[in-house]
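See below for the structure under consideration.
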Amino acid sequence: MNVRKMRLYDTENVHSGDDRDEFEKDYARLIQSPAFRRLQGKSQVFGAGSGDYYRTRLTHSLEVSQIAREVARRLGKLYPFLALKEHPGLTIDPEVVECASLAHDLGHPPFGHKGEEVLDRLLRAEHGLKYEGNAQNFRILMFLEKRAGSDSGLDLTAAVLLAINKYPYCIDDPDRHKGVYSTEWEGIGFLRDTWGMPKGCATLEAQLMDLCDDIAYSTHDLEDGIRAGKILMDRAFFEDDRVVAHVLQEITEDPNYSAANWQGVDQESMVKRVLIDFYEQWAQIYLECDREPSRTRREMKARWVRKFASEVGIIDEPSSGWKKVTFVRDGQRDWELQRTMEILKKLAWVTLIKDFRVQRLHKRSEVMIERLWGSFKTYETGRLIVPRDWLESYEAQKTKWPWERLAADYISGMTDAYAEKVYAEFFASRSGSIYERD
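Add 1199 to a position in the sequence shown, counting from 1, and you land on the number used in our numbering.
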């Protein structure tokens, strides 16, 4: 058996037997799923519907998949050991990385990271449960989505499921903040054991997807910020001590921050240098593009994506005995480029997410999710206002998880616009219609 193409449920391809490759079937299942379509209505940075230009979760996922697919092809030519396929987790198939990139954000609720934060807070405080976007991916892929012939989600191949699993842990274990819920970890753990994956190590494909996600964040969000006028393209803005201080603060307060990764580096000096270099590059490209801001934004983004993508490589990681997908220069990990990307990501964060208007939208979305949760969280009343198929799913699976988990599933699956619509039906002074289609 090809363990990379095995499926947890349709093990004999009874419901997928045709002449397509198994990864092609996964691709079709993903892009034709309602969960994937709903990404077009979920916020990336700016609220979905803010304008035709700005990215949504859907366009972001498509861009990540494009970057990841091309990097995967380059790595396949650069590293001969990949062709040997000596271990299923030390393999990189472009088709698998593409599928994982398309699916990596399915678990995000409406209103971006604020929605995720609010749902997690409410579930923890009231029921001791967790909510996390990466874990929710597997709720969707392994249960909530339905396809013909299966009541177990999309039943993707092992390679694609493990390529999405960038946090290979059970999130319900103590002190775990990211991972997979215990209900889905049973299946993911089985696949990892079948593959012989080292404990705590992600496949190369999952690592590559994760890094390309960061590349997209650190370049595309900046492009959106410049377009929105939140990042002012003048020297004074990039030399502003307040901007530098805020970027530094976000770097050091990040939960994933490691002082060892910045050892021997004057952080403030590096932040200042990266920011002014970014501005000076903009000024040069601006002249090359005949002073057209739109062309300059696109060219700036393209050059940074190319710079990051061209330095992605694979090195041995002695601490784990596994391999690491990271930025590589001259056979060594390129910490300089890693730090540069982190600075640009935090620049986007402090100028976009921290903008007071965006914070007002976050506050509004927080209120909406809290009140929606209050409406759905109790079985006796919630069962009356969820669609019939959701109630049937709960009745069929209620021995596995509580009503509160399904209520969170329902809210998290909403697009921004649908969440606002349901909120208005419950709390706004407007009359609804029973003929509106959910």
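The beta-carbon is built from N, C-alpha and C at its ideal position, and this holds for glycine as well.
Nearest residue (CA-CA) to residue i, options the options
i, options, result
"His1303", "Ala1616, Val1359, Lys1313, Gly1240", "Val1359"
"Glu1619", "Gly1314, Leu1207, Ser1300", "Gly1314"
"Ile1370", "Ala1362, Ile1363, Ser1381", "Ser1381"
"Glu1624", "Met1567, Gln1265, Pro1601", "Met1567"
"Gln1363", "Gly1306, Gln1466, Val1317, His1312", "Before going on, a small fix: residue 1363 reads as Ile here, not Gln. With distances taken between Cα atoms, Ile1363 lies closest to Gly1306."
"Leu1474", "Thr1550, Asp1413, Lys1241", "Thr1550"
"Met1341", "Ala1627, Asp1608, Ala1616, Asp1615", "Asp1608"
"Pro1301", "Glu1385, Ala1227, Thr1525", "With the sequence shown as reference, residue 1301 is identified as Leu, and Pro is not the correct amino acid for it. Nearest of Glu1385, Ala1227, Thr1525 to Leu1301, Cα basis: Ala1227."
"Asp1209", "Arg1320, Leu1328, Thr1356, His1259", "Thr1356"
"Asp1409", "Ala1508, Leu1281, Asp1225, Trp1548", "Ala1508"
"Gly1327", "Arg1338, Lys1545, Arg1604, Asp1439", "Arg1604"
"Leu1390", "Val1446, His1312, Leu1361, Asp1372", "Leu1361"
"Trp1600", "Lys1329, Lys1429, Glu1285", "Lys1329"
"Leu1560", "Trp1384, Ser1242, Arg1203", "Ser1242"
"Arg1563", "Glu1383, Arg1320, Thr1418, Phe1310", "Phe1310"
"Ile1641", "Glu1516, Glu1467, Val1263", "Absent from the model: residue 1641. The displayed extent of the chain is 1200 to 1637, so no value can be given."
"Thr1402", "Tyr1368, Glu1385, Ala1627", "Tyr1368"
"Gly1424", "Met1499, Asp1476, Pro1279, Gly1399", "Met1499"
Buried versus exposed, by CB contacts within 10 Å (16 or more), residue i
i, result
"Thr1539", "buried"
"Gly1250", "The predicted position of Gly1250 is uncertain, since its pLDDT is 48 and thus under 50; no value can be drawn from it."
"Glu1449", "buried"
"Gly1288", "buried"
"Gln1558", "exposed"
"Ala1595", "exposed"
"Gln1483", "exposed"
"Thr1290", "buried"
"Ser1260", "buried"
"Leu1283", "exposed"
"Thr1614", "buried"
"Glu1331", "buried"
"Arg1203", "buried"
"Thr1451", "exposed"
"Arg1502", "exposed"
"Gly1641", "Absent from the model: residue 1641. The displayed extent of the chain is 1200 to 1637, so no value can be given."
Presumed contact (8 Å Cβ cut-off) between residue i and residue j, rounded CB distance
i, j, result
"Leu1536", "Glu1510", "6 Å"
"Arg1426", "Arg1496", "6 Å"
"Ile1513", "Arg1532", "With a Cβ gap of about 11 Å, Ile1513 and Arg1532 do not count as contacting."
"Leu1277", "Thr1255", "Going by Cβ atoms, the distance from Leu1277 to Thr1255 rounds to 33 Å, so no, they are not a contact pair."
"Val1296", "Glu1404", "5 Å"
"Leu1571", "Tyr1622", "6 Å"
"Asp1420", "Ala1547", "4 Å"
"Asp1354", "Leu1229", "About 12 Å separates the two Cβ atoms, so there is no contact after all."
Bridge partners - residue i, DSSP secondary structure assignment
i, result
"Cys1369", "Val1379"
"Trp1521", "Glu1516"
"Ser1242", "Thr1255"
"Gln1462", "None; Gln1462 has no bridge partner."
"Thr1356", "Arg1206"
"Gln1531", "Arg1528"
Any chain D beta carbon closer than 7 Å to residue i
i, result
"Leu1486", "Checking the listed chains, one finds no chain D in this structure; it contains a single protein chain."
Delimiting residues of the alpha helix (DSSP H) encompassing residue i
i, result
"Gln1448", "1440 to 1452"
"Pro1492", "1492 to 1509"
"Val1585", "That residue, Val1585, is in no alpha helix (DSSP H); it is neither H nor E in DSSP."
"Trp1600", "Element bounds for Trp1600: n/a, residue is neither H nor E."
"Trp1572", "1555 to 1575"
"Pro1293", "1293 to 1302"
"Met1408", "1403 to 1426"
"Pro1233", "1233 to 1237"
"His1224", "Sequence inspection shows Lys at residue 1224; the His mentioned does not correspond to that position. Unbroken alpha helix (DSSP H) run through Lys1224: 1221 to 1230."
"His1326", "1311 to 1326"
"Glu1624", "1615 to 1626"
"Leu1612", "First, the residue type needs correcting, since residue 1612 is Gly and not Leu in the sequence shown. Gly1612 -> no alpha helix (DSSP H), and no H or E assigned at all."
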